Amino acid sequence: MQKSKTVKRLKIAVCVLLAAVVLVLGVLFFPLTGEKHVEIWGAGQAFDLGAVQTVEKTRTDFKILMLTDTQLWSNLSDNAACYAEMDALVEKTQPDLIVMPGDNVSAFASRFSLQNLIDRVESYGIPWAPVFGNHDAELPTNSKNWQADRYMEAAHCLFRKGPSNLYGCGNYALNITEDGAPVYTLFFFDNGEYGEYDDGSVSEVPMGAGQIAWYEWNVRGIAEAAGRTVPSMVFSHFAQPQFREAIETLAVQNADGSYTVPEEYGFGTCAYLPGAAKVDSGFFDACAALGSTKYLFCGHDHENNASITYKGITMTYGLKTGPSPAPWNGAAETGGTLVTITGSGEQQTVEIEHLVQTRVGA
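Each step along the sequence shown adds one to the number in the UniProt record's numbering, with nothing skipped, and position 261 is 261.
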């Protein structure tokens, strides 16, 4: 009789345990799709300056801190090291805006990793603007649309899904203003996924035709509203093909295969050629033609930290923030990137600085 009771209790315990496991797995892995993405854009729409989000400039210098490729995931030790770098960088720079140009969480992350990241950045009490990278798009159960909803719920986060008929999720603009008037525009683009090309190869996707048309529409609309061409910069996860072209053309290749950017063109090194789309969809040329955008910022390639000016446009890698979640593609230096816009009106200058927090192996 006693043995029968023991077996019965054991069966009950096993059933309870299995039910708990099923419940936890359901919470962790049930696909989340988010709110339906419904905004539609057309080039014939009237431009409304008031529809563009703003951050008012309150001092001579406007500081943007880039926290790049944080790739937070289930490794609590790596996450702690990343958060320590983020905390130190925010304390040191006291930025007006934080930008996260993709791969904010890893493909191995849970939905709790994303919420922890949001809570951490929100704790700074500073406006912040993320975009998606390829690893953000690889979360098997957490769609970009669902992640976007979590970002948009955060009090200080400026993320917007943007038009649903453009490539990706998270194409949006932000005006830096003085006394309510735009003095600098920041564009954020989702180009952070891989695609299959006609030859069967898989590589970074190019900027979409719709994204380019939407960018041109905004630049022209803001210029008309402001009475002048307002300078701008662009943040996306992948580099443009011209970044690779610039490194091949202007940088010096070293014996180990890496590339060093000569001082007359910029600074930094590339351990390998920039990862960019195999085809040029014309975004760089659109930037050059309109004359507004002089700076393109990206992430993705952890071991590259170059900044180079090519055909009048400066292209810069954000320094990777925090440890790499995998033994490959590990940055030799990690930290953040400070972009400082100084001056007022048409007399503005931009300074770019990599702030090293950790030297791997040092």
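The C-beta atom is built at its ideal place from N, Cα and C for all residues, glycine as well.
Keep in mind the model is a prediction, meaning the values are calculated, not measured.
Assigned exposure category for residue i - 16 Cβ within 10 Å defines buried
i, result
"ILE40", "exposed"
"GLY299", "buried"
"GLN347", "exposed"
"PRO323", "buried"
"ASN191", "buried"
"GLY257", "exposed"
"SER123", "exposed"
"PRO262", "exposed"
"ASN165", "exposed"
"PHE112", "exposed"
"GLN211", "buried"
"THR249", "exposed"
"GLN94", "exposed"
"GLN147", "buried"
"ASN254", "exposed"
"ARG160", "buried"
Segment limits, beta strand (DSSP E) that includes residue i
i, result
"LEU65", "61 to 66"
"PHE159", "No beta strand (DSSP E) holds PHE159; DSSP gives it neither H nor E."
"LYS294", "293 to 298"
"THR314", "313 to 317"
"GLY56", "According to the sequence as given, residue 56 is Glu; it is not Gly. Here the beta strand (DSSP E) through GLU56 covers 53 to 56."
"GLU39", "First-last for GLU39: undefined, no H or E at that position."
CB of residue i within 9 Å of CB of residue j, strictly
i, j, result
"TRP214", "ASN171", "yes"
"VAL350", "TYR295", "yes"
"LEU139", "MET100", "no"
"PRO217", "GLN53", "Per the sequence presented here, residue 217 reads as Trp, with Pro not at that position. Cβ distance not < 9 Å, so TRP217 and GLN53 don't count as in contact."
"SER308", "ALA288", "Correcting the residue identity first, residue 308 is Ile in this sequence and not Ser. Cβ distance not < 9 Å, so ILE308 and ALA288 don't count as in contact."
"ALA306", "ALA225", "no"
"LEU355", "LEU89", "yes"
"ASN134", "HIS237", "yes"
"ILE247", "PRO274", "yes"
"TYR184", "ASN175", "yes"
"GLU85", "GLY330", "no"
"ASP96", "VAL55", "yes"
"VAL219", "VAL202", "no"
"ILE341", "THR316", "no"
"LEU338", "LYS63", "yes"
"PHE235", "PHE187", "yes"
"LEU114", "LEU72", "yes"
"ASP136", "VAL105", "yes"
"CYS82", "THR321", "yes"
Residue i, DSSP secondary structure in three states
i, result
"LEU338", "strand"
"SER236", "coil"
"GLN45", "coil"
"THR249", "helix"
"residue 365", "The structure shown does not extend to residue 365, since the chain is modelled only from 1 to 362, so the question has no answer here."
"VAL219", "helix"
"THR177", "strand"
"GLN71", "coil"
"VAL24", "Unreliable positioning characterises VAL24 in this predicted model, as indicated by a pLDDT of 42, which lies under 50. The coordinate reading is nonetheless provided below. Correct three-state label for VAL24: helix."
"GLY322", "coil"
"ASN304", "strand"
"PRO206", "coil"
"SER258", "coil"
Bounding residues of the alpha helix (DSSP H) (the contiguous stretch that carries residue i)
i, result
"CYS169", "First-last for CYS169: undefined, no H or E at that position."
"LEU290", "283 to 290"
9 Å Cβ cutoff, residue i in contact with chain B
i, result
"PRO130", "Note that chain B does not occur in the displayed structure, where there is just one protein chain."
Scan the stretch 83 to 154 and note each continuous beta strand (DSSP E) run of 3 residues or more that stays entirely inside, going in chain order.
97 to 101, 128 to 131
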